[in-house]
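Note sheet for the following structure.
In our numbering, the protein residues as written are 1428 to 1746.
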């Protein structure tokens, strides 16, 4: 819906590579019109969707209301992705991975970091480092090799992000905001933000863009804090930074997530190596690129034949 030119180019390359056009069709348009028509079409035997949680729920309800056979639905949606760090983690590595995870692709990845959970004892130093790293980011044209952060997808997205910043200014604390370059009014550049939030579950849903939320936690309250995040019901990506295996394992047990990254960024799953997909409000599974993905598109059959009734000798046939 928002990237029809990219979709058109991808389809063109598939055709150029020899794919039969009868096997792949591009139908651009708004989801509420084209999407509804496609999912309601009697010729559709399954739906695979990547997008927002609300849209996935709407598709699921629509498919349930269809007459006839129950068809498979595979959804990969967004997440309230958190990263937990402890005092043993390397500050410089945390900063690099947080900046990439939160602001890479202008924060417009379903796997992007939304909330950083920092221990109170080291939070100040970590925040200062993040402020400096954000100030060094170059905003501008993504086709320019010098650019670190490009625009958001459209004016509506930028307006939604600005509305969230307004909420943060009233209910939380803006720690840092990047400077927009000259001429930024000509496009949909959004100045990235780092904000400190008052509660671990301040966010009710995904904020899709370059806004990093930071929450300071007491290590003794880890279980309670992680439980607040888990209670939101999402489960896409999770990050942990620590040199203590027990800490990483504890966080992984407390917070459900389809993809967990330890001591690295939480974006950029490698195709064919790291199957990707979430659980709960973040998706249905199976994971894209995983060993079970193709099975979801197939129909299993179990065939039993009484060979003795056909005059066969089971002892010979089973040799």
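In this text, a Cβ means the ideal position worked out from N, Cα and C, and glycines have one as well.
{"query": "Cβ-Cβ distance between residue 1709 and residue 1662 below 8 Å", "result": "yes"}
{"query": "Closest residue to residue 1675 among 1723, 1586 and 1516 (Cα-Cα distance)", "result": "1516"}
{"query": "Residue 1594 versus residue 1543: straight-line alpha-carbon distance, rounded", "result": "18 Å"}
{"query": "Coil, strand or helix - residue 1787 by DSSP", "result": "No statement about residue 1787 is possible, as the shown extent of the chain runs from 1428 to 1746 and does not include it."}
{"query": "Integer-rounded CB distance, given that residue 1538 should sit under 8 Å from residue 1587", "result": "Not really, about 19 Å apart at Cβ, beyond 8 Å."}
{"query": "Spatial distance of residue 1472 from residue 1711 (CA atoms)", "result": "17 Å"}
{"query": "Inter-residue Cα distance where the pair is residue 1407 and residue 1564", "result": "Because residue 1407 is not part of the residues shown, which for the chain are 1428 to 1746, the question remains open."}
{"query": "Cβ separation of residue 1480 and residue 1504, assumed to be a contact under 8 Å, to the nearest whole Å", "result": "4 Å"}
{"query": "3 or more residues per run - each beta strand (DSSP E) lying fully within the segment 1661-1724", "result": "1664-1668 and 1686-1689"}
{"query": "Residue 1655, enclosing alpha helix (DSSP H) - first and last residue", "result": "1649-1657"}
{"query": "For residue 1591 and residue 1648, the rounded distance between their alpha carbons", "result": "27 Å"}
{"query": "Cβ-Cβ distance between residue 1525 and residue 1639 below 8 Å", "result": "yes"}
{"query": "Cβ-based neighbour list, residue 1514, same chain, cut-off 6 Å, excluding 5 preceding and 5 following", "result": "1546, 1548 and 1549"}
{"query": "Collapsed DSSP secondary structure at residue 1546 in the structure displayed", "result": "strand"}
{"query": "For residue 1643, the residue or residues it bridges with in DSSP", "result": "1545"}
{"query": "Heavy atom of the ligand SAM within 7 Å of residue 1516 beta-carbon", "result": "No copy of the ligand SAM occurs in the structure displayed, which carries no ligand at all."}
{"query": "Contact belief for residue 1436 with residue 1457 at Cβ below 8 Å, rounded distance in angstroms", "result": "Not quite, the Cβ-Cβ distance comes to about 20 Å (not below 8 Å), so this is no contact."}
{"query": "Distance between residue 1453 and residue 1447 (C-alpha atoms, nearest Å)", "result": "13 Å"}
{"query": "Sequence-distant residues of the same chain with beta carbon closer than 6 Å to residue 1702, five excluded per side", "result": "1714, 1716 and 1717"}
{"query": "With 16 other Cβ atoms within 10 Å as the buried cut-off, status of residue 1570", "result": "exposed"}
{"query": "C-alpha distance - residue 1477 paired with residue 1455, whole-angstrom precision", "result": "15 Å"}
{"query": "CB-CB length for residue 1623 against residue 1599, believed under 8 Å", "result": "6 Å"}
{"query": "Collapsed DSSP secondary structure at residue 1600 in the structure displayed", "result": "strand"}
{"query": "Those residues which DSSP pairs with residue 1511 across a bridge", "result": "1544 and 1667"}
{"query": "Inter-residue CB distance, residue 1573 and residue 1617 (contact presumed, cutoff 8 Å)", "result": "Actually they are not in contact, since the Cβ atoms of residue 1573 and residue 1617 sit about 18 Å apart, beyond 8 Å."}
{"query": "DSSP-derived helix/strand/coil call for residue 1459", "result": "helix"}
{"query": "Cβ-based burial, residue 1757 [other Cβ within 10 Å; buried from 16]", "result": "Any property of residue 1757 remains undetermined from this structure, which presents the chain solely from 1428 to 1746."}
{"query": "Distance between residue 1442 and residue 1761 (C-alpha atoms, nearest Å)", "result": "Within the shown structure, residues of the chain are numbered from 1428 to 1746, placing residue 1761 beyond reach of any answer."}
{"query": "Euclidean distance between Cα positions of residue 1530 and residue 1657", "result": "23 Å"}
{"query": "For residue 1620: DSSP bridge partner residues", "result": "1604 and 1638"}
{"query": "8 Å Cβ cutoff met for residue 1650 and residue 1630", "result": "no"}
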